[in-house]
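Participant:
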Amino acid sequence: MSDLLQLIPDFPVRQFAGLLQTLERHQLSVTDLLTQDVVDIGKRTQLPLLDIKRLCAAVVDALHRDFGSAIEPPKASRFLKRSLTDLENQWSTISTLDDSLDRALGGGIPAGYVTEITGESGAGKTQFLLSLLLAVQLPPPYGLGRPAIYITTEAQLSTKRLSQILSSNPRFADLSPEDKPSLDGILSTSTPDLESQEHILQFQVPVEVERRNTGLIVLDSVASNYRAEFERGALGNHGSNMGARSNELTRLGALLRELAQTYNLAVVVANQVADRFSSPFAPVATPRAAPAAVAPSFTQESPLASRSRGLRAFSPSAVEPTSSIAEHVRSSMPEPPGLDDFGPPAPPALAFDHQQRWFTGWGDDPFADYGLKTPSLGLVWSTQIACRIALFKKPVYGVHRHIEDEADDRGMPALKNWRRWMKVVFAPHSKATGQGLDGAVEFSVTMAGLKAVIKKEAHDN
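Quick note, the sequence shown lines up with residues 1 to 461 if you use UniProt numbering.
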């Protein structure tokens, strides 16, 4: 241990004088002490293992102090005694750069929680995330005054679009150079597979968060790597793949929540959606079967109700097989148990088909005129997040006229534009939007970022 005082001049050698002499006699250096196993050092020097462990811990603490990264033990009073003012000061949000969207979100994206932004392709998820990457660098109350980390699993970070928002948004115009966001405040990385994603989130991200005092972590998107890992070639072992995926999603959720709560930062993930189809047991209605006095119903039927009707329609008593088919079925397989053998059915209100309309964002409005969607990764991932924001889009059609159609009032219908809405499905700090799109905020994607559409302008359109 001749190099101990050269590396750590202020090390308390008197407390470990006997140990240091023995280690010096066996020609062990500080590197050997920190890299070799304690049992191996004990066998070589015949020293007590507890004394060697205390010496190793003292050397590590001294090196941490020398490098300026010593970890102070937390004070219990800081967590046990908090006034209402302290809790209010701790609450902070990240603006969306639009006042109407911020009001709908209860002030913005909250720090200390995991927030999901879900929607179909082209609904504005990436534009939402890019606005947050710049807004988090703003001083309070619009931001946290801290940099951001952007983790992508698909396309690379669009720096050109960020520069466009930065130069076009009026909120950045009157800021001083010290307070104005920049691209230097955004750290970007790519995770092409699930293994690299887990390694980056578990080891590299905490180091960068502590080094840069990061205020926002963006994962775009969370479902891409899981789909590639667990859904391809899963026909033979679908059950085991789903179980493994559920475990991985639970680990990811716990890791993201720990990062958000430990460093008081916001974690925002983008999620994809899939089409939700009605039950295959739903009967197909024909005009002849419908009574003439009953008006046709345009309501969107619950999957639970359609499935229940389908089971009654296709009951064994309603279908009469031929004698040859019936004889073949009876000879090849045992008689299936009746419905009464499984006990009383669960209440319909507890069925997943009925409950998912309240936490997915789609299906809560029976008169909706848009297709139903379901956020990817299922119920397991829905329990890992604290806030879900759903983005909707609907096409706007117009009439496309040709030169030869001047004499005719009719024209070819063509897609003119898209209308988009933001809806709060559930959140710990803000009330949910409600059924359908009645309470949702309509917005448009502009050069300056997201901008809410005023109701008067929406009616004029």
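Glycine included, C-beta positions come from ideal geometry on N, C-alpha and C.
As the structure is a computational prediction, the values presented were derived from the model and not from experiment.
How is the alpha helix (DSSP H) around SER168 delimited, first residue to last?
Facilitator: It spans 159–168 - the alpha helix (DSSP H) in which SER168 sits, taken as one unbroken run.
Participant: Label ALA135 either buried or exposed according to how many other C-beta atoms from any shown protein chain fall within 10 Å of its C-beta, with 16 as the threshold for buried.
Facilitator: By the 10 Å Cβ count, ALA135 comes out buried.
Participant: Since GLN204 and THR153 should fall inside the 8 Å C-beta cutoff, what is the C-beta to C-beta distance between them, to a whole number of angstroms?
Facilitator: So it is not a contact: roughly 15 Å between Cβ atoms.
Participant: Evaluate ASN417 with the Cβ neighbour count: other Cβ atoms within 10 Å of its Cβ, from every protein chain shown; 16 or more gives buried, anything less gives exposed.
Facilitator: Classification of ASN417: exposed, given that the 10 Å Cβ count is below 16.
Participant: Work out the CA separation of THR433 and ALA111 for me, nearest whole Å.
Facilitator: The straight-line gap from Cα to Cα measures roughly 21 Å.
Participant: Distance check for SER167 and ASP353, CA to CA, integer angstroms please.
Facilitator: Distance between the alpha carbons of ASP353 and SER167 is about 46 Å.
Participant: Could you check if ASP3 is buried or exposed, using at least 16 other CB atoms within 10 Å of its CB as the buried criterion?
Facilitator: Burial call: exposed.
Participant: Identify which residue in SER224, LEU194, LEU255 has its Cα closest to the Cα of ALA155.
Facilitator: For the residues SER224, LEU194, LEU255, the minimum Cα distance to ALA155 belongs to SER224.
Participant: Thinking LEU216 and ALA148 are a contact (beta carbons under 8 Å), I'd like their distance in whole angstroms, please.
Facilitator: Correct: roughly 4 Å between the Cβ atoms.
Participant: Who pairs with ILE149 in a beta bridge, going by DSSP?
Facilitator: Beta-bridge pairing links ILE149 to LEU187, ILE217.
Participant: With a cut-off of 8 Å on the beta carbons, I'd call TYR150 and VAL218 a contact; round off their distance for me.
Facilitator: Confirmed, Cβ separation roughly 5 Å.
Participant: Determine the closest residue to THR189 out of SER182, LEU157, ASN169, ARG161, with distance taken between C-alpha atoms.
Facilitator: Checked all of SER182, LEU157, ASN169, ARG161; the closest Cα to THR189 is LEU157.
Participant: Per DSSP, which one or two residues make a beta bridge with PHE392?
Facilitator: DSSP lists TRP421 as partners of PHE392.
Participant: With burial defined as no fewer than 16 other Cβ atoms inside 10 Å of the residue's Cβ, what is the status of ALA290: buried or exposed?
Facilitator: Interpretation of ALA290 is limited by its pLDDT of 41, a score under 50 that renders its predicted location unreliable; no figure is taken from the coordinates.
Participant: Taking Cβ to Cβ, would you say SER131 is nearer than 9 Å to LEU187?
Facilitator: In this structure, LEU187 does not lie closer than 9 Å to SER131 by Cβ.
Participant: Name, in chain order, the residues that DSSP records as bridge partners for TYR397.
Facilitator: Per DSSP, LEU415.
Participant: On the DSSP bridge list, what partners appear for GLY119?
Facilitator: Note: GLY119 sits in a beta bridge opposite LEU391.
Participant: Identify whether ASN264 lies in helix, strand or coil by the three-state DSSP scheme.
Facilitator: Coil.
Participant: Looking at C-alpha atoms only, which residue of VAL39, LEU47, ALA368 is the closest neighbour of GLU24?
Facilitator: Nearest of VAL39, LEU47, ALA368 to GLU24, Cα basis: LEU47.
Participant: For ILE41, which of helix, strand or coil comes out of DSSP?
Facilitator: Three-state result, ILE41: helix.
Participant: Taking the DSSP output, what are the residues bridged to SER92?
Facilitator: Bridge partners of SER92: none, in fact.
Participant: Answer with buried or exposed for TYR226, where buried requires no fewer than 16 other C-beta atoms within 10 angstroms of its C-beta.
Facilitator: Flag for TYR226 reads buried.
Participant: Going by alpha carbons, who is nearest to LYS393 out of GLY363, PHE443, THR360?
Facilitator: With distances taken between Cα atoms, LYS393 lies closest to PHE443.
Participant: Quick one: Cα of THR126 to Cα of TRP362, how far?
Facilitator: About 20 Å.
Participant: Among ASP364, TRP358, GLN137, ARG65, which one has its Cα closest to the Cα of LEU175?
Facilitator: Closest by alpha carbon: GLN137.
Participant: Give me the Cβ distance between ALA386 and VAL114, rounded to the nearest whole Å; I'm assuming they're in contact under 8 Å.
Facilitator: The Cβ separation is near 5 Å, so the contact holds.
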